[in-house]
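**Q** Please see the structure below; I have some questions.
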Amino acid sequence: MLQAKGIQKFYGDLHVLKGVDVEIFDNEVVSIVGASGAGKSTLLHILGTLDQVDQGEVWIGDTMVSKLKGDKLADFRNSQIGFIFQFHNLLPEFTAEENIMIPGLIAGKSEFALKQRAKELAELLDFSDRLDHKPSEMSGGEQQRVAVARALINNPKIVFADEPSGNLDSQNAQALHELFFKLRDEFGQTFVIVTHNQELARMADRMLTMQDGKIIQV
Ligand SMILES: Nc1ncnc2c1ncn2[C@@H]1O[C@H](COP(=O)(O)OP(=O)(O)OP(=O)(O)O)[C@@H](O)[C@H]1O
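Given below as structure tokens:
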């Protein structure tokens, strides 16, 4: 379970998060919605340990992640958390397979085991025939599915996605959204998704609405 208590965040004088409390349960798909500038991405980055709180605590399981620093934070993030962004951020000079394997190599896993897992994920996500391709040789939807596989390579407990389908046409977006639920059902992962896509937001088990730095509806 993820638990955040009394989260406050400032950027200079700008008070971006004004006391956010949230609980997200294992195996849940939760969407975070709200107007532009409400603080959704900031909250997602804080929950996902990519950004620091100014006040408050974030717990993932029994670890207070908001206290972790340095190598401990990097190890926790790499082994327990997956990220998917609007722009896939794949490394252009590496193949799909290599991109997927990178977080596993950083975690010190064997290349053999990682190749096997990359193959399984590619089959599940339906791009097995593209594993040797570089990102520029793949469609937008395929690139995003590679990014999903990369997020899952270390079998994280929780996956954070920031506008994951924001750069996809409606057909690819729909396929990606269905995939999140399939992955949750198959691997029991938790998904926390910031989105402006109403359809995806409504498909979630729970929709959190943010306004002006607070969650106003859960
Ligand atoms: N690194 C930063 N430095 C300064 N201000 C920032 C920074 N990141 C975000 N902000 C500001 O914090 C506020 C909240 O930004 P955030 O990206 O969390 O909003 P959002 O709800 O995700 O918006 P959108 O839907 O447009 O992506 C905005 O006013 C933004 O300009």
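Take 1 as the starting number for the sequence shown in UniProt numbering and just add one per residue.
The C-beta atom is built at its ideal place from N, Cα and C for all residues, glycine as well.
Model, not experiment: these values are computed from the prediction.
1. Leaving aside the five residues before and after residue 135 along the sequence, list all residues of the same chain whose C-beta is less than 6 Å from its C-beta, in chain order.
2. Would residue 81 pass as a contact of residue 187 if the rule is Cβ separation under 8 Å?
3. When the Cα of residue 210 is compared with those of 133, 200, 194 and 101, which residue comes out closest?
4. Output yes or no for whether 8 Å exceeds the beta carbon distance between residue 153 and residue 122.
5. Give the DSSP-derived three-state secondary structure of residue 222 in the structure shown.
6. Please look up how many angstroms separate the CB atoms of residue 31 and residue 201, rounded, as I've assumed it's under 8 Å.
7. Go ahead and label residue 216 buried or exposed: buried means 16 or more other beta carbons lie within 10 angstroms of its beta carbon, across all protein chains shown.
8. Taking 7 Å as the cut-off, is the C-beta of residue 42 nearer than that to any heavy atom in ligand 1?
9. For ligand 1, is there a heavy atom less than 7 Å away from the beta-carbon of residue 14?
10. Answer yes or no: the CB of residue 140 versus the heavy atoms of ligand 1, is any distance below 7 Å?
11. Is residue 194 near ligand 1, judged by its Cβ being under 7 Å from some heavy atom?
12. Counting along the chain, where does the beta strand (DSSP E) carrying residue 4 start and finish?
13. What is the rounded straight-line gap between the Cα of residue 204 and the Cα of residue 76?
14. Ligand 1 heavy atoms versus the CB of residue 36: any closer than 7 Å?
15. Measure the C-alpha to C-alpha separation of residue 36 and residue 110 and round it to an integer number of angstroms.
16. Where DSSP assigns a beta bridge to residue 206, which residues make up the other side?
17. Would you report the Cα separation of residue 74 and residue 106, rounded to the nearest angstrom?
18. Decide if residue 96 is buried, meaning its Cβ has at least 16 other Cβ atoms within 10 Å, or exposed.
19. In or out: residue 141 buried (at least 16 other Cβ within 10 Å) or exposed?
20. From residue 2 to residue 102, what does the alpha carbon distance come to, in whole angstroms?
21. Mapping the DSSP letters down to three states, classify residue 192 as helix, strand or coil.
22. Alpha carbon to alpha carbon, what distance is there between residue 132 and residue 116?
23. Taking the CB atoms as reference points, tell me whether residue 58 and residue 208 lie closer together than 8 Å.
**A** On the basis of the data shown:
1. By 1-based counting over the sequence shown, the position of residue 135 is 135. The answer, listed in chain order, is 90, 92 and 143.
2. For the purposes of this step, residue 81 is taken as the residue at position 81 of the sequence shown. For the purposes of this step, residue 187 is taken as the residue at position 187 of the sequence shown. Taking 8 Å as the Cβ cut-off, residue 81 and residue 187 do not qualify as a contacting pair.
3. Taking the sequence shown and counting its residues from 1, one reaches residue 210 at position 210. Per the Cα distances, 194.
4. By 1-based counting over the sequence shown, the position of residue 153 is 153. By 1-based counting over the sequence shown, the position of residue 122 is 122. Pairing residue 153 with residue 122 gives a Cβ-Cβ distance that is not under 8 Å.
5. The structure shown does not extend to residue 222, since the chain spans only 1 to 218, so no value can be given for it.
6. Sequence index remark: in the sequence shown, residue 31 carries index 31 (1-based). Sequence index remark: in the sequence shown, residue 201 carries index 201 (1-based). About 4 Å; that satisfies the 8 Å criterion.
7. Counted from its first residue, the sequence shown places residue 216 at position 216. Exposed, by the Cβ-count rule.
8. For the purposes of this step, residue 42 is taken as the residue at position 42 of the sequence shown. For ligand 1, at least one heavy atom lies less than 7 Å from the Cβ of residue 42.
9. Here residue 14 corresponds to residue number 14 of the sequence shown, with the count starting at 1. Answer for residue 14: yes, Cβ within range of ligand 1.
10. Mapped onto the sequence shown, residue 140 falls at position 140. It does not: the Cβ of residue 140 is nowhere closer than 7 Å to a heavy atom of ligand 1.
11. Position 194 of the sequence shown, counted from the first residue, corresponds to residue 194. If you check the C-beta of residue 194 against ligand 1, you find a heavy atom less than 7 Å away.
12. As a working mapping, residue 4 is identified with position 4 in the sequence shown. Segment 2-11, the beta strand (DSSP E) holding residue 4.
13. As a working mapping, residue 204 is identified with position 204 in the sequence shown. As a working mapping, residue 76 is identified with position 76 in the sequence shown. Straight-line spacing of the CA atoms in residue 204 and residue 76 works out to 26 Å.
14. For the purposes of this step, residue 36 is taken as the residue at position 36 of the sequence shown. Because some heavy atom of ligand 1 lies under 7 Å away, the Cβ of residue 36 counts as near it: yes.
15. Locating residue 36 in the sequence shown gives position 36, where the first residue counts as 1. Locating residue 110 in the sequence shown gives position 110, where the first residue counts as 1. The straight-line gap from Cα to Cα measures roughly 42 Å.
16. Your numbering for residue 206 matches position 206 in the sequence shown. Residue 206 is bridged to 30.
17. Within the sequence shown, residue 74 is the residue found at index 74, counting from 1. Within the sequence shown, residue 106 is the residue found at index 106, counting from 1. Using only the alpha carbons, I get a separation of about 10 Å.
18. Translated into positions along the sequence shown, residue 96 becomes position 96. Buried is the call here.
19. Here the question's residue 141 lines up with position 141 in the sequence shown. By the neighbour-count definition (other C-beta atoms within 10 Å, threshold 16), residue 141 is a buried residue.
20. Here residue 2 refers to the residue found at position 2 of the sequence shown. Here residue 102 refers to the residue found at position 102 of the sequence shown. Each residue's Cα considered, the two are about 26 Å apart.
21. Counting from one through the sequence shown, the residue named residue 192 turns up at place 192. Strand, per DSSP.
22. Position 116 of the sequence shown, counted from the start, is the residue given in the question as residue 116. Position 132 of the sequence shown, counted from the start, is the residue given in the question as residue 132. Straight-line spacing of the CA atoms in residue 116 and residue 132 works out to 14 Å.
23. In the sequence shown, the residue the question calls residue 58 occupies position 58. In the sequence shown, the residue the question calls residue 208 occupies position 208. Not in contact: residue 58 and residue 208 (Cβ atoms no closer than 8 Å).
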